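One structure is given here, and the rest of the page talks about it.
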Amino acid sequence: MAFSNVVGPLEEIGFYGEPMAFLAATTYGQPHELMVHFQSYVDKMSIVLSVDEATIPDPHQLCDDIAESLKLNKNAVLERGLVK
């Protein structure tokens, strides 16, 4: 299992004069059953999963569960007033 969290740009950036709308990092060919990458870009976060489907048969459900868990964490922090 491998996890990665890469902090992305806080401001919008461009590539050859064109604005970049989406940014996600990943790797390929690593000998892990599960790799999870979190990439932030401005006020958005992308989650990229790389899975061995023999070990994790429903990667889409895993991604949905991670997204829901992050929403629950965010709401709990906001409800407690821990972020302004």
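Letter 23 of the sequence shown, counting from 1, is numbered 23 in full-length UniProt numbering, and no numbers are missing.
Ideal Cβ placement from N, Cα and C applies to all residues, glycine included.
This one's a predicted model, so the numbers in the text were calculated from it and none came from an experiment.
Comparing C-alpha positions only, which one of 62, 43 and 34 sits nearest to residue 21? 43
Limits of the alpha helix (DSSP H) - the one that residue 10 falls within: Residue 10 -> no alpha helix (DSSP H), and no H or E assigned at all.
Shortest alpha-carbon distance to residue 50 belongs to which of 68, 9, 73 and 26? 26
Pull up the DSSP beta-bridge partners for residue 19, would you. 14
What does the Cβ neighbour count give for residue 39, buried or exposed, with the cut at 16 atoms within 10 Å? buried
Going by DSSP in three states, residue 30 sits in which element: helix, strand or coil? coil
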